[in-house]
Amino acid sequence: MASRRGAALLTCLLSGLLLTGCSTSTAEGTQPSGSGDTALVPSAPPTSLRYVALGDSYVAAPLVPVTDVANGCFRSSSNYPSVVAKKLGAKLEDRSCAGASTKDFEQSQYPGIPPQLTALKPSTDVVTVGIGGNDEKVFGRLVGRCPALRASDPGGAPCQAAMDVSGKDSLLGALDRTGVVVTRLLRDVHQRSPKAQVLVVGYPQIVSATNACPELPLARGDYAYAERINLALTEMLRKAARASKSQYVDVWTASKGHDICSDDPWINGSVDNERQAARYHPFAKEQAAVADLVVRAIR
């Protein structure tokens with residue numbers, strides 16, 4: 008389990024393990040020897056998928072048990088890459104990291120953490136990518152600044168008003184720019200691992216315009232605005248997948264009815280739960296559902 012000190016560090020990183028790996032052991036088989044006797048000889052090891060997972064905290068799943076600080080990445084052994092690898096018997100290289108943005112695909116995010124793209128090899132079979140919410144602090148502004156503005160106009164949409172700059176929404180503008188970067192990075196993924204199946208995993212529905220609750224303390228009019236930004240974030244990934252000839256995994260549709268304020272939330276609310284999930288981040292059941300989507304896409 009992450010220590011309390013680690014959980015406190017995570018809260019600081021939030022604008023933004025048992026290290027997981029699956030391997031297959033060498034099997035043994037029998038074959039006749041030249042003398043007619045039966046001798047045990049090693050057979051060829053079974054072929055297993057070489058799987059690389061890239062992304063941010065919605066891939067790493069901080070505080071989902073069991074979580075290790077992992078040099079600041081807060082990567083869970085029950086995140087969807089780990090579940091996928093176990094189900095498929097794949098060899099997993101999980102480079103996901105809490106707080107990651109697109110720049111961390113090409114440069115070190117923290118000391119001792121290599122750029123995520125360096126995990127890719129020509130022999131890689133499957134790559135999953137989930138990134139973009141932390142670029143230009145889109146996610147941080149949505150779940151950080153927006154609740155703070157509620158008191159100024161509880162019945163209105165003060166966050167939407169604050170994000171309007173000369174008639175243009177600053178968060179939507181940021182997502183447009185991020186989409187260009189994500190598309191370029193996905194093309195780089197294909198070049199580094201030309202035979203790999205590249206899956207772009209979208210974000211879940213975190214907020215609904217029709218549901219309000221203390222766990223997501225927005226002004227009444229800002230729920231619709233937050234849903235609009237949430238949808239635009241995942242649609243940005245869908246477009247980048249299409250532009251880079253990658254495969255898109257639609258988590259938004261699967262997660263409808265499971266937003267923070269729903270009766271069956273897949274996403275934690277505004278308070279860190281050290282035994283279940285970081286604030287505004289997925290529970291284990293969301294990661295299990297995403298893993299099922301990814302496994303179906305791979306098969």
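Numbering (the working numbering), first residue to last: 8 to 306.
A virtual CB, placed ideally from N, CA and C, is assigned to each residue, including glycine.
Proximity of residue i and residue j at Cβ, strictly below 8 Å
{"i": "Ser83", "j": "Ala97", "result": "no"}
{"i": "Asp132", "j": "Pro122", "result": "no"}
{"i": "Gly209", "j": "Val258", "result": "yes"}
{"i": "Glu143", "j": "Ala168", "result": "no"}
{"i": "Val71", "j": "Ser103", "result": "no"}
Between the CA atoms of residue j and residue i - distance to the nearest angstrom
{"i": "Lys252", "j": "Val189", "result": "12 Å"}
{"i": "Ile305", "j": "Gln204", "result": "8 Å"}
{"i": "Ala247", "j": "Lys128", "result": "22 Å"}
{"i": "Ala338", "j": "Lys94", "result": "Outside the shown range of the chain, which is 8 to 306, sits residue 338, and nothing can be said about it."}
{"i": "Val196", "j": "Leu124", "result": "7 Å"}
{"i": "Leu178", "j": "Phe146", "result": "9 Å"}
{"i": "Asp229", "j": "Leu238", "result": "14 Å"}
{"i": "Asp176", "j": "Asp160", "result": "19 Å"}
{"i": "Ser130", "j": "Pro165", "result": "50 Å"}
{"i": "Ser85", "j": "Arg286", "result": "17 Å"}
Supposed close pair residue i, residue j - CB separation, criterion 8 Å
{"i": "Glu293", "j": "Trp273", "result": "4 Å"}
{"i": "Leu206", "j": "Ala261", "result": "The pair is not a contact, with the Cβ atoms about 14 Å apart (cut-off 8 Å)."}
{"i": "Leu99", "j": "Val136", "result": "With 8 Å as the limit, Leu99 and Val136 do not qualify as a contact, their Cβ atoms being about 14 Å apart."}
{"i": "Asp63", "j": "Ala107", "result": "4 Å"}
Neighbour flag for residue i against chain C, beta carbons, 8 Å
{"i": "Ala226", "result": "In the displayed structure, chain C is absent; only one protein chain is listed."}
Residue i burial status per 10 Å Cβ neighbour count (16 or more: buried)
{"i": "Asn78", "result": "exposed"}
{"i": "Ala158", "result": "exposed"}
{"i": "Thr27", "result": "In this prediction, Thr27 scores a pLDDT of 31, lower than 50, which makes its location untrustworthy; the coordinate-derived value is nonetheless stated afterwards. Thr27 should be labelled buried."}
{"i": "Val278", "result": "exposed"}
{"i": "Asp101", "result": "buried"}
{"i": "Pro221", "result": "exposed"}
{"i": "Val90", "result": "buried"}
{"i": "Gln114", "result": "exposed"}
{"i": "Gln212", "result": "buried"}
Count the C-beta pairs between the stretch 152 to 168 and the stretch 206 to 225 that are closer than 8 Å, then say yes if the count reaches three, no if not. yes
Is the stretch 263 to 270 touching the stretch 56 to 63, taking contact as three or more C-beta pairs under 8 Å? no
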